[in-house]
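Q: For the sequence shown, my numbering assigns the number 1 to the initial residue and increments by one for each residue that follows.
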Amino acid sequence: MNFFSSNFKLGILGGGQLGKMLLNDTRKFDIYTCVLDASNEAPCKIASNEFHLGDLMDFEAVYNFGKQVDVLTIEIENVNVDALEALEKEGKKVYPSSQTLKRIQNKATQKLFYLDHNLPTAAFSRFAYLSEIEDAVNNGGLAFPFVWKAAQFGYDGNGVKVVRKLSDLEGLPTGECIAENLVPFKNELAVIVARNASGEIKTFPVVEMEFHPEANQVEYVICPARIPEAVAKKAVEVALNTSKAFNHVGLLAVEMFQTQNDEILINEVAPRPHNSGHQTIEASFTSQFEQHLRAILNLPLGRTDSKVGGVMVNLVGAEGFSGNVVYENIESIMNLDGVTPHIYGKKQTRPFRKMGHVTIVNEDLNEARRIAEEVKKTIKVISE
């Protein structure tokens with residue numbers, strides 16, 4: 001099939017920043033794109049060839065959109081999987097598949113999948129309602145501290161909370177959830193695995209993620225991870241086994257914990273480009289976004305090693321600011337060596353909303369990490 005400068009249409013469900021960065025590469029290859037999103041303000045709107053307005057959870061919207069394209073992919077997991085299944089039955093190529101998405105969309109199903117496939121993950125209990133957690137605590141079936149996770153629709157630190165006492169459960173969504181053992185870990189790591197339909201597989205180097213203590217969002221992604229070779233090898237092996245179990249096509253980002261005694265436990269996965277791979281745009285031979293395209297179009301996969309050390313800093317809305325966004329001191333950070341800002345095109349900021357990221361590349365990883373801290377201190381995402 002000819003994808004380049006042709007009548008081929010690639011459909012993307014979701015119009016957020018991941019889609020926008022994917023569109024940089026569809027532009028590079030001159031691949032025609034159609035995007036479906038519920039917001040007229042979606043970052044993808046200006047960069048896609050066709051922009052369709054519609055609810056990603058609505059069967060008709062997703063089904064009718066999918067009928068108009070040749071290959072369908074996602075940039076967000078929360079989409080109507082029944083519509084994807086119907087399209088697949090009619091011979092439409094959907095990557096990741098509806099089956100992969102079904103397993104991943106629900107955190108409880110995802111965790112059970114790891115158990116079924118002997119993949120290492122933290123021990124957990126599954127609850128149909130939040131109120132059942134209280135009962136389990138009272139009758140000794142569950143001990144503090146643990147991590148509460150909403151089974152459906154959590155993202156970027158939403159739908160996850162460390163629970164140390166009963167009152168921490170107040171105000172949480174009341175539906176299906178899991179309570180996971182709190183893992184005392186040394187590091188949070190991630191590996192992105194790419195796989196095309198022919199079965200070619202490549203992994204990006206292991207990255208280490210430093211989290212914001214309050215927002216539960218990634219603050220820094222450091223590539224390569226500053227860990228012993230043996231631990232990195234183990235992390236890649238776990239990621240490859242996870243990818244094999246899902247048998248996915250496209251990218252699979254596998255987030256993991258490195259425990260105190262250097263065991264590797266899977267935290268969760270995302271079957272799409274991921275926050276832990278943004279530094280690949282500047283630091284790698286092939287960016288995660290180009291690799292995603294290569295994988296879903298069954299093209300040969302690109303080289304995944306890094307040209308240079310990379311650190312990524314997330315730009316999130318500052319606390320106490322909501323409204324039209326202003327990037328304060330952006331010129332000063334551009335004055336620093338190896339610094340590239342990526343602005344997502346969201347016009348409105350609010351506390352902790354992901355508004356962009358900054359990549360810092362340097363031959364010396366520690367120097368890149370130092371500059372990253374300077375970037376973090378200097379630039380502020382505020383409102384007018």
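Just so you know, even glycine gets a beta-carbon here, dropped at the ideal spot from N, CA and C. Bear in mind that the values here come from a model prediction, so they are computed numbers and not experimental data.
Where DSSP assigns a beta bridge to P341, which residues make up the other side?
A: Position 341 of the sequence shown, counted from the first residue, corresponds to residue 341. Looking at the DSSP assignment, P341 forms a beta bridge with V358.
Q: Looking at C-alpha atoms only, which residue of V254, G66, F321, S332 is the closest neighbour of P273?
A: Within the sequence shown, the letter at position 273 stands for residue 273. Residue V254 is the option with its Cα nearest to P273.
Q: Taking only the alpha-carbon atoms, compute the straight-line gap between G345 and A136 and give it to the nearest angstrom.
A: For this step, residue 345 is matched to residue 345 along the sequence shown. For this step, residue 136 is matched to residue 136 along the sequence shown. Taking the straight line joining both Cα atoms gives about 45 Å.
Q: Is there contact between the stretch 209 to 223 and the stretch 64 to 81, where contact requires at least three CB pairs shorter than 8 Å?
A: Verdict: no, contact absent.
Q: For H117, count neighbouring C-beta atoms within 10 Å of its own C-beta (all shown protein chains included) and say buried if the count is 16 or more, exposed if not.
A: To locate residue 117, count along the sequence shown from 1; it is residue 117. The residue is exposed, with fewer than 16 neighbouring Cβ atoms inside 10 Å.
Q: Is it buried or exposed for S39, if we count other Cβ within 10 angstroms and need 16 for buried?
A: Residue mapping note: residue 39 aligns to position 39 of the sequence shown, counting from 1. Classification of S39: exposed, given that the 10 Å Cβ count is below 16.
Q: Less than 8 Å between C-beta atoms, sequence neighbours within five positions excluded: which residues of the same chain meet that for P43?
A: Taking the first residue of the sequence shown as position 1, residue 43 is located at position 43. Closer than 8 Å at the Cβ level, and outside the excluded window around P43, lie G15, G16, Q17, G19, K20, Y344, G345, K346.
Q: Can you tell me whether I264 is buried or exposed, with buried defined as 16 or more other CB within 10 angstroms of its CB?
A: Here residue 264 refers to the residue found at position 264 when the sequence shown is read from its first residue. Answer is buried; the Cβ neighbour count reaches 16.
Q: Kindly give me the distance between the Cβ atoms of R294 and N138, rounded to whole angstroms, as I take these residues to be in contact under 8 Å.
A: Sequence index remark: in the sequence shown, residue 294 carries index 294 (1-based). Sequence index remark: in the sequence shown, residue 138 carries index 138 (1-based). Their Cβ separation, rounded to whole angstroms, is 53 Å, which puts R294 and N138 out of contact at 8 Å.
Q: In whole angstroms, what separates the C-alpha of I12 from that of V207?
A: Here residue 12 is taken as the residue at index 12 of the sequence shown, counted from 1. Here residue 207 is taken as the residue at index 207 of the sequence shown, counted from 1. Going by the C-alpha atoms only, they are around 27 Å apart.
Q: Which of the three DSSP states is assigned to G11 in this structure?
A: For the purposes of this step, residue 11 is taken as residue 11 along the sequence shown, with counting starting at 1. Strand.
Q: Give me the residue from V35, Y63, S243 with the minimum Cα distance to P271.
A: Locating residue 271 in the sequence shown gives position 271, where the first residue counts as 1. Here the closest residue by C-alpha is S243.
Q: Enumerate in chain order the residues of its own chain whose CB-to-CB distance from M57 is below 8 Å, with the five nearest sequence positions on each side excluded.
A: Taking the sequence shown and counting its residues from 1, the one referred to as residue 57 is at position 57. The residues are N78, V79, N80.
Q: Considering only residues of the same chain and omitting the five flanking positions on each side of Q258, which have a CB-CB separation below 8 Å?
A: Mapped onto the sequence shown, residue 258 falls at position 258. If we look at Q258 and ignore the five residues flanking it on each side, its Cβ neighbours are F185, K186, N187, E188, L189, I227, V231, A235, I264.
Q: If you measure between the beta carbons of L182 and V147, is that distance less than 7 Å?
A: Your numbering for residue 182 matches position 182 in the sequence shown. Your numbering for residue 147 matches position 147 in the sequence shown. For L182 and V147, yes; Cβs fall inside 7 Å.
Q: In terms of DSSP beta bridges, what is Q258 paired with?
A: By 1-based counting over the sequence shown, the position of residue 258 is 258. Answer is N187, I264.
Q: Just list the residues that DSSP pairs F246 with in beta bridges.
A: As a working note, residue 246 is residue 246 in the sequence shown. DSSP lists no partner for F246.
Q: Looking only at its chain, what residues have a beta carbon closer than 8 Å to the beta carbon of F4, apart from the 5 residues adjacent to it on each side?
A: To locate residue 4, count along the sequence shown from 1; it is residue 4. Hits under 8 Å: F29, D30, I31.
Q: Using DSSP with H/G/I as helix, E/B as strand and the rest coil, what is S39?
A: Position 39 of the sequence shown, counting from 1, holds the residue named residue 39. The answer is coil: DSSP assigns S39 none of H, G, I, E or B.
Q: Using the DSSP secondary-structure output, state which residues sit across from F211 in a beta bridge.
A: As a first step, residue 211 must be located in the sequence shown, where it is residue number 211. Answer by DSSP bridge pairing, in chain order: V218.
Q: Leaving out five residues before and five after A245 in sequence, what residues of the same chain have Cβ atoms less than 6 Å from its Cβ?
A: For this step, residue 245 is matched to residue 245 along the sequence shown. Correct list, in chain order: H117.
Q: Looking at the secondary structure, which residues open and close the alpha helix (DSSP H) in which M21 lies?
A: Position 21 of the sequence shown, counted from the start, is the residue given in the question as residue 21. Taken as a continuous stretch (DSSP letters only), the alpha helix (DSSP H) holding M21 covers 17 to 29.
Q: Let me make sure I understand the geometry here. Which of D262, E75, L112 has the alpha-carbon closest to that of Q288?
A: In the sequence shown, counting from the first residue as 1, residue 288 sits at position 288. Residue E75 is the option with its Cα nearest to Q288.
Q: Determine the direct distance from the alpha carbon of P173 to that of K202, and round the result to whole angstroms.
A: Walking along the sequence shown from the start, residue 202 turns up at place 202. Walking along the sequence shown from the start, residue 173 turns up at place 173. Rounded to whole angstroms, K202 to P173 spans 38 Å at the Cα level.
Q: Using the beta-carbon count (16 or more within 10 Å), is K165 buried or exposed?
A: Here residue 165 refers to the residue found at position 165 of the sequence shown. Exposed: under 16 other Cβ atoms inside 10 Å.
Q: What does a CB cutoff of less than 8 Å around I417 pick up in its chain, not counting 5 residues either side in sequence?
A: This structure gives no information on residue 417, because the portion of the chain shown stretches from 1 to 384.
Q: Grab the span of the beta strand (DSSP E) containing V206 for me, first residue to last.
A: Taking the sequence shown and counting its residues from 1, one reaches residue 206 at position 206. Counting along the chain, V206 falls outside any beta strand (DSSP E), and DSSP gives it neither H nor E.
Q: How would you write the range of the beta strand (DSSP E) that S383 sits in, first residue to last?
A: Locating residue 383 in the sequence shown gives position 383, counting from the first residue. Counting along the chain, the beta strand (DSSP E) containing S383 begins and ends at 380 to 383.
Q: Could you name the residues of the same chain whose beta carbon sits closer than 7 Å to that of G302, not counting the 5 residues immediately before and after it, in chain order?
A: By one-based count along the sequence shown, residue 302 stands at place 302. Same-chain partners within the cutoff: F285, T286, E290, Q291, R294.
Q: G199: which of I296, V311, I281 sits nearest, CA to CA?
A: Numbered from its first residue, the sequence shown carries residue 199 at position 199. Residue I296 is the option with its Cα nearest to G199.
Q: Can you tell me whether DSSP reads G159 as helix, strand or coil?
A: The residue you call residue 159 lines up with position 159 of the sequence shown. In this structure, G159 counts as coil in the three-state DSSP scheme.
Q: Apply the 10 Å Cβ neighbour rule to R103 and answer buried if 16 or more other Cβ atoms are within range, or exposed otherwise.
A: As a working mapping, residue 103 is identified with position 103 in the sequence shown. Classification for R103: buried.
Q: Measure the alpha-carbon distance for A372 versus H357 and round it to whole angstroms.
A: Start at 1 with the first residue of the sequence shown, and residue 372 comes out as number 372. Start at 1 with the first residue of the sequence shown, and residue 357 comes out as number 357. Taking the straight line from one Cα to the other gives about 11 Å.
Q: Using 7 Å as the threshold, is the C-beta distance between F321 and T349 below it?
A: For the purposes of this step, residue 321 is taken as the residue at position 321 of the sequence shown. For the purposes of this step, residue 349 is taken as the residue at position 349 of the sequence shown. In this structure, T349 lies closer than 7 Å to F321 by Cβ.
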